Amino acid sequence: MLKLILSRAAQAIPVLLLVILITFSMVRLAPGGPFDAEKAVSPEVLENLKARYDLDKPFYLQFANYIANAAQGDLGPSFKFPNRSVNEMIASGFPVTLELAAYALLVAISVGLLAGITASLRANTWQDYLPMSAAMLGICLPSFVLGPLLVLLFGIWLEWLPVAGWGVIPGDKILPAITLGLTYAAYVARIVRGSLIETLAQDYIRTAKAKGLKPARIVLRHALPAALTPVVSFLGPAIAGLIAGSFVVETIFQIPGLGRFYIQAAFNRDYTMILGTTIFFSVLIIFFNLLADIVLAWLNPKLRFSGAES
Amino acid sequence: MLNVINLSISFYTRNGVTQAVKDLSFSVKKGETLAIVGESGSGKSVSCQTIVGLVPSPPAKVESGAVEWQNSDLLQQNEAQLRRIRGKKISMIFQDPMTSLNPNMRIGTQIVEALLEHSDAGPAQAKQRAIEALKEVGIENAEQRFKAFPHQFSGGMRQRVMIAMALVTQPDIVIADEPTTALDVTIQAQILELLAGLQKKHQLAIIFISHDLAVVRNIADHVIVMKSGTVVESGSPQQLFEQPKHPYTKKLIDAIPSGAKPQSRDSHAENLIEIKNLSTHFHTRHGAFWKPVKSVTVAADNINISLKKGEILGLVGESGSGKSTLGRSIVRLVKPSKGEIRFAGKNLLQLSPRQMQAIRPHIQMVFQDPYASLNPRMTVYDALAEPVCLHTSIGKAELPGYIAKLLDDVGMPEAAQNKYPHEFSGGQRQRIAIARALACSPQVIIADEPVSALDVTIQEQILALLLKLNAQRGISILFISHDLSVVRYLCDRVAVMEKGRIVEINACEQVFRQPAHAYTKSLLAAIP
Amino acid sequence: MTLVSPLGDSVNHQTKKPQGHSLWHDARLRLQRNKLAMFGLLFLICLVVIALLTPWIAPYNYDSQNLALGASPPSSKHWFGTDTLGRDQLTRVLFGSRISLMVGFIATSVALIIGVLWGTIAGFSGGKVDAIMMRIVDILYALPFAIFIILLTVIFGRSLLLLFLAIGAVEWMTMARIMRGQTLAIKRQEYVEAALTMGLSRWQIIRRYLIPNALGPIIVYTTLTIPSVILLESFLSFLGLGIQPPQSSWGSLISAGGETMEEYPWLLIFPGITLALTLFSLNFLGDGLRDALDPQSAKD
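Residue numbers (our numbering), protein chains in the order written: chain A, 1 to 310; chain B, 311 to 838; chain C, 839 to 1138.
In structure tokens:
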């Protein structure tokens, strides 16, 4: 088991290096220098600027320096706001994004599991069709449609919840979390339903029934652990999706999170900020994929305990 | 003890109503074994699972009847009442222990949970009793194995675990649904012996469901034979075997291949295929890709064997003995590590793909699973025309007539040719697969377990077809099988394989009458 | 949908004989019984036809402004109302459909071609080739592509072509995995082994055995890829990184509508509904196709 974790972690390192290399080269090879758009600056100032951002050195040295600094957790200064470092901006934006993503994940898992289990146990009745139609609605209404609609309904017409903002009053967090989480709740519900129906048709479920076990035990102890496997493997990509989704939700609700900084940086062509955040997001996504892989392996006794009787 | 009276069950589906069981009555007494025998679709499993309420309703519906048990009718009980009987008084053992045990749960937990549900034993006490039950079914180191997962056991051991699980609650009745069908013949004998011993010790009533009349013969006190949902005959095994009354029972008994092949061919014919010093090793890599762990499985170990012109050579062995690998090596589906396979003066293993192409029409193969061996997207006509167009000079004008003739040879109507494989039954598909093998008039057919997926009466028809082709066309057949009685019925010579080696090869009757090798003896002793 | 017989003459031969029912035939019957899927199919056909004919049937020009009119609610002259510049919203939604559907179909085709080729080659070759090819997919899979696409659009500007390529480059990997899984599963089937012993060439096996049998799951997944591609494009346009004004796609219309929804909700609602209905139809059709083509359900 430990070997497996180590080997998966070792595989993540080249992936991460690849991400940094691709991002770094794209940013460096981008047409137009970073200061072209600015008002004319004197050559000396330009030299100074270049030196500050390492641009006077050959590409491989720039890359090596960047990796060395990044490995120590230093992502360099921002292009746009020279007196702020990328680290500071991530430090101020990320906790907000993390909190939002955590609430959204909570919505996704709790609503998704509940709907999926109900639907599969009552397959092909209204208790199945209703949550599954809702799930289809959730998948087909992307967050950038759902968000404004929710705001329109609850914020503007009913005036129950605030339209935008973050952390001023507790109600602030409800709409963003639902907007971001509902799509994933819909996916989770569909996955749980499908895999639970499949698991409940397995021979060993028949065995459990033949043993006279209570229905609750059969579902929770025998069927659910196996049925959750595809949900766990979905969570890796879901985290990546949540991060991308946070760009939208933070824009709609004007939340000062990392996603919004990223989009602003993209518009401002703040290259070091883009580079730093991309790497930061990549690390996050790779980490959660790794985590999902490990949990999956742990859930499977064949991987956890290998070796058969001779 | 348990009386089933006039039980009728129907299935209501979109395509209409099917009556699965009609007026079934039987009873089983303490310490007695009742066997229910029938082919697939006879309703034998459905009726037994209905007794304990395991058949989902809908689509199933009990139309009439009663199941008397301790002065009550089980069919009138609600789910909660049934649950207290299921697993406590009436336990079940299923066919495939690999899929019937929860792969994600330790076997100890799976045994203990039944006890915790049905008795007031505490966890510690339940564990003690579970370990005792494991010891009783012959699991060594029961204390340690208690914590193991199903995949850490072999097939036979898993079925023992399943039996321990069924018996730990000390039930009165055990329903065993094809409990040995998925097992090798020697393991089957062990499990049957174990069940008989446990029955005696605990005075169990056993309902034994099987498709195999031969298995049932030695263990049952009473046998009922079912066909399409109805009982066609019942009685003691002696009565049934010696004086079968119903034509279907007779057919079933006749279908059990018994005795030797009428006339064996002379053994002086020339060799058609010669295999010399053939070894096949499989290399598997696992572990991380930069630090692979290589392991080698020996599937065939220095094999020397030859197939004579016009003979049927049986290749017998249990799963994993390497018999299929040997058959596949000849048509180069598997690449042997060393040795030679000579056919028509050439070593097949050294031929280029183009040279091999000239050989291919002469050596054809028939596979085990008739559901998987035909391309589901091709009509029968196209499937048969494909090899003909590839290897023969038969022109487009003659093709339809040729294919009609091929189908006729294997006993299929001409109308079959425009249909697709899924529109046929298993036996019909196997006939089509044989027709495809015959399409280029081969000299050799390699038949890899061609009848083991079929019902016994269908088996007999396919075997008869193979005998006919052998006699009329003089085709040599390499017949690979795990079933000794089939081999005895069909083959001129038999080779016995164990762990990649041929341990014995001789004329068929010689092997059956005077087996030379200890392994052959144990195989023969295990025949039910 | 019947398969072309590999032998031309069998066709006239079949005319006088009772006809068998192919699996495709059965699947079509099952699909026709699924009302939601048929509704989806109908809606999509209408949408595609209207989108194709838009330049001729659209009531107004997509960038003709009427500042005097400004934003007006739906009326008999402007069914979907007008935006703040007085442009007809129905026309803009229709032209948006062209962009969104085009991105959906072209990017999906890119994904389909790369993915199917990659997966078939990997699965059919097996061994080291397979291991290396799938390792590449594994590594690429771990990359944060939504972020990469944003990066690409920032650096190389916002062009439609880039959008097709970028989205196609993300989606091909799942297709490759599915196709490889199919190839491996079919390769293990006894009918392929039978074809090998008959001496069929690789290409014949791929053409007559592999592709017809793998087609079902590929069709299903293609149908389900189109909505996720459309969604991805809308997502980028919503963030302002996709289609640039005065051109419009559903995403950019929704983005603009979201900003003014308090005063002019119709600017958000109509493009939102169109997008949601399209996604609904594609998903229902995909689900219906999956049920119809699934070999498991082919038994009854």
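Backbone N, C-alpha and C define an ideal beta-carbon position, used for all residues, glycine too.
Computed from a prediction, not measured in an experiment: that's the story for all the values here.
query: Element boundaries [beta strand (DSSP E), containing V674(B)]; result: It is worth fixing the name first, because residue 674(B) is Gln in this sequence and not Val. Looking at the DSSP string, the run of the beta strand (DSSP E) that includes Q674(B) is 673 to 676.
query: Per-residue burial, F463(B) [other beta carbons within 10 Å of its own, 16 or more giving buried]; result: buried
query: K437(B) Cβ short of 7 Å to the ligand SAM heavy atom set; result: Looking for the ligand SAM in the displayed structure turns up nothing, as the structure carries no ligands at all.
query: Alpha helix (DSSP H) runs wholly inside the stretch 460 to 538 of chain B, at least 4 long, in chain order; result: 465 to 477, 495 to 512, 523 to 529
query: Span separating the alpha-carbon of L275(A) from that of G924(C); result: 40 Å
query: S7(A) and M273(A) closer than 8 Å at C-beta; result: no
query: Below-8 Å beta-carbon distance, N451(B) vs any chain A residue; result: no
query: Interface partners of E1028(C) on chain B, CB under 8 Å; result: F677, Q678, D679, A682, S683
query: With 16 other Cβ atoms within 10 Å as the buried cut-off, status of F267(A); result: exposed
query: Anticipated Cβ contact below 8 Å, F1122(C) with G942(C), distance rounded; result: That belief does not hold up - the Cβ atoms of F1122(C) and G942(C) are roughly 16 Å apart, past 8 Å.
query: Proximity below 8 Å, CB of Q286(B) to CB of N414(B); result: Because chain B in this structure spans residues 311 to 838, residue 286(B) falls outside the shown range and cannot be described.
query: Contacts around I744(B), its chain only, beta-carbon distance under 6 Å, and the 5 residues preceding and following it disregarded; result: V676, V720
query: Under the three-state DSSP convention, the category T590(B) falls into; result: strand
query: Local Cβ density within 10 Å of R1040(C), reported as buried at 16 or more and exposed below that; result: exposed
query: Three-way DSSP call (helix, strand, coil) for A906(C) in this model; result: coil
query: Counterpart residues of Y322(B) in DSSP-defined beta bridges; result: V327(B)
query: Which listed residue (L425(B), E450(B), V526(B), E488(B)) has its alpha carbon closest to that of A476(B); result: L425(B)
query: Top-ranked residue by Cα proximity to H593(B), from K586(B), N581(B), T607(B); result: T607(B)
query: Residues sharing a beta bridge with K645(B), DSSP; result: Per DSSP, none; premise fails for K645(B).
query: Rounded separation between I1064(C) and W862(C) - CA only; result: 22 Å
query: Under 7 Å by beta carbon: chain B residues contacting Y1047(C); result: N685
query: Proximity winner among I974(C), M876(C), L990(C), relative to L1074(C) (alpha-carbon distances); result: L990(C)
query: Sequence-distant residues of the same chain with beta carbon closer than 6 Å to W160(A), five excluded per side; result: F154
query: A836(B) vs Q498(B) beta-carbon contact at 8 Å; result: yes
query: Status (buried if at least 16 other CB within 10 Å, exposed otherwise) for K354(B); result: buried
query: DSSP state of M415(B) mapped onto helix, strand, coil; result: coil
query: Test: V931(C) CB closer than 8 Å to a CB of chain A; result: no
query: is_contact[E1100(C), chain A] using C-beta, thresh 8 Å; result: yes
query: Chain C contact for H792(B) (CB, 8 Å cutoff); result: no
query: Euclidean distance between Cα positions of H512(B) and G341(B); result: 8 Å
query: The alpha helix (DSSP H) enclosing N138(A), as first and last residue numbers; result: Rather than Asn, the amino acid found at residue 138(A) in this sequence is Gly. 126 to 140 is the span of the alpha helix (DSSP H), which, as asked, contains G138(A).
query: Proximal chain B residues relative to T1021(C), where beta-carbon distance stays under 8 Å; result: Simply none; closest approach about 15 Å.
query: Interfacial residues, the stretch 122 to 142 of chain A to chain B, with Cβ spacing under 8 Å; result: none
query: Chain B contacts from the stretch 194 to 222 of chain A (Cβ-Cβ distance under 9 Å); result: Q202, D203, Y204, I205, R206, T207, A208, K209, A210, K211, G212, L213, K214, P215, R217, R221, H222
query: Beta carbon proximity, I937(C) to chain A, threshold 8 Å; result: no
query: Nearest-angstrom Cα separation, counted from I815(B) out to A747(B); result: 27 Å
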